[in-house]
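Numbering (the numbering used here), first residue to last: 13 to 393. Have a look at the structure below, then the notes.
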């Protein structure tokens, strides 16, 4: 059985980085809109032409960056270098905007969007993160100290506190998202492992049942009555093996009803034409598939032994229920009678018990047709 790999933290890091890049592109356009608002409605800007030109250049650069295939680029050294160039360009642009616009424009607040983005995109490399945080601090000092109309000290400190808080919040949220991504990956890995183990169990059970069936037939007696009993027992075992073969490929997921019924008919009547009609959308859980497998085996085997061709089997939805119909041209036994004599046959007694207790359904008979109806949803589902 193939092993299921453990979740890779590097994959979670890449997913977080891609999410940060998508957010960075959105924040870039938010910054452009914010600068436009300052130019039109905000306080007086010292060099509006220079601010407008820088904003236009930044918008063009942002448009170019938005067209790049970042998931592929981030796998290469060129992509990382381009990301660094993006971060450096944004820091320089914000400093220039704050200096040209003047301290009273408060465009240094754009760093509240820029610095968390830089921290998140470099947080998986502590050395680079420290370097970028130092560069961001220098950019903030330049943005608030270089303009002639500087802000009051109290407001500068407030902006600094907000900048630090936004950066820490961004890093905390990113790490929380990474932990969630790893937890989801681990849950998926465990589910895949459980499915693989379950598939292996169904495979082993199927093989064991086939061996048991073959061993029964090896000791088949010459007496016709005893041979018929062994043949019927071997048939039941083969039908259950067919159910496990269908369940094996599903690894714990519901089995498709057409796949299950096809496997059963091939195991029960490999050389007899049986018209089969099963609704494509029907699926069955493992326990209901096994119950239905026994019922189909008994009813179809009984039709083959005591009925006449043509033979037909249908499994279709009927309102909130599922209807199984097994039909032949004979009269058929009255398997629906709750008080039927056990002498009617172990198979028919078994059918009544499984339909009533296993499928929570009911049986109806009419001539050579036996109809089993049971709820589409299992009790408690």
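Every residue, glycine too, gets a C-beta built ideally from N, C-alpha and C.
query: What do you get for residue 15, buried or exposed, if any count of 16 or more other CB atoms within 10 angstroms of its CB means buried?
result: For residue 15, the predicted model reports a pLDDT of 49, less than 50, meaning its position is unreliable; a value from the coordinates is still stated below. When all chains shown are included, residue 15 counts as exposed.
query: Are the Cβ atoms of residue 319 and residue 340 separated by less than 8 Å?
result: yes
- request: Please work out which residues of its chain come closer than 6 Å, Cβ to Cβ, to residue 374, disregarding the five sequence neighbours upstream and downstream, and give them in chain order.
  value: 385
query: DSSP state of residue 294, grouped into three classes?
result: coil
field: Spatial distance of residue 149 from residue 110 (CA atoms)
entry: 14 Å
task: Please state whether DSSP places residue 339 in a helix, a strand or coil.
output: strand
message: Taking 7 Å as the limit between beta carbons, can you name the residues of its chain near residue 362, skipping five residues before and five after?
response: 306, 310
query: Between 96, 252, 78, 154, which lies nearest to residue 121 when the distance is taken from Cα to Cα?
result: 154
query: So is residue 300 buried or exposed if we call it buried at 16+ other beta carbons inside 10 Å?
result: buried
query: Which same chain residues, not among the five before or five after residue 51, have their C-beta less than 7 Å away from its C-beta?
result: 57, 60, 63, 64
- request: Count the other C-beta atoms from every protein chain shown that fall within 10 angstroms of the C-beta of residue 199, then say buried if there are 16 or more, exposed otherwise.
  value: exposed
- prompt: Which of the three DSSP states, helix, strand or coil, is assigned to residue 328?
  reply: strand
- prompt: If you drop the 5 nearest sequence neighbours on each side, which residues of the same chain put their C-beta closer than 7 Å to that of residue 29?
  reply: 86, 133
query: Alpha carbon to alpha carbon, how far is residue 369 from residue 303?
result: 10 Å
Whole-Å CB distance - residue 279 paired with residue 254, under 8 Å assumed: 4 Å
task: Confirm, please, whether the CB-CB distance from residue 329 to residue 388 is below 8 Å.
output: yes
query: Per DSSP, which one or two residues make a beta bridge with residue 267?
result: 296
- request: Could you have a look at residue 377 and say whether DSSP puts it in helix, strand or coil?
  value: strand
- prompt: Given residue 179, which residues of its chain have a CB within under 6 Å of its CB, disregarding the five upstream and five downstream residues?
  reply: 127, 128, 131
- prompt: Between the C-alpha atoms of residue 269 and residue 295, what's the straight-line distance to the nearest angstrom?
  reply: 5 Å
- prompt: For the putative contact between residue 43 and residue 125, defined by C-beta atoms under 8 Å, what is the C-beta separation to the nearest angstrom?
  reply: 6 Å
task: Ignore the nearest five residues each way along the sequence and tell me which others in residue 286's own chain have a CB closer than 8 Å to its CB.
output: 277, 312, 323, 324, 325
message: Applying the 10 Å Cβ sphere with the 16-neighbour rule, what's the burial state of residue 159?
response: buried
query: Who pairs with residue 334 in a beta bridge, going by DSSP?
result: 329, 386
Length of the line joining the Cα atoms of residue 38 and residue 171: 22 Å
- prompt: Do the CB positions of residue 382 and residue 327 come within less than 8 Å of each other?
  reply: no
message: Looking at the secondary structure, which residues open and close the alpha helix (DSSP H) in which residue 141 lies?
response: 138-157
query: How would you label residue 98, buried or exposed, when you count the other beta carbons within 10 angstroms and need 16 or more for buried?
result: buried
query: In chain order, what residues of the same chain lie with their CB nearer than 8 Å to the CB of residue 107, ignoring the 5 residues before and after it?
result: 151, 154, 155, 158
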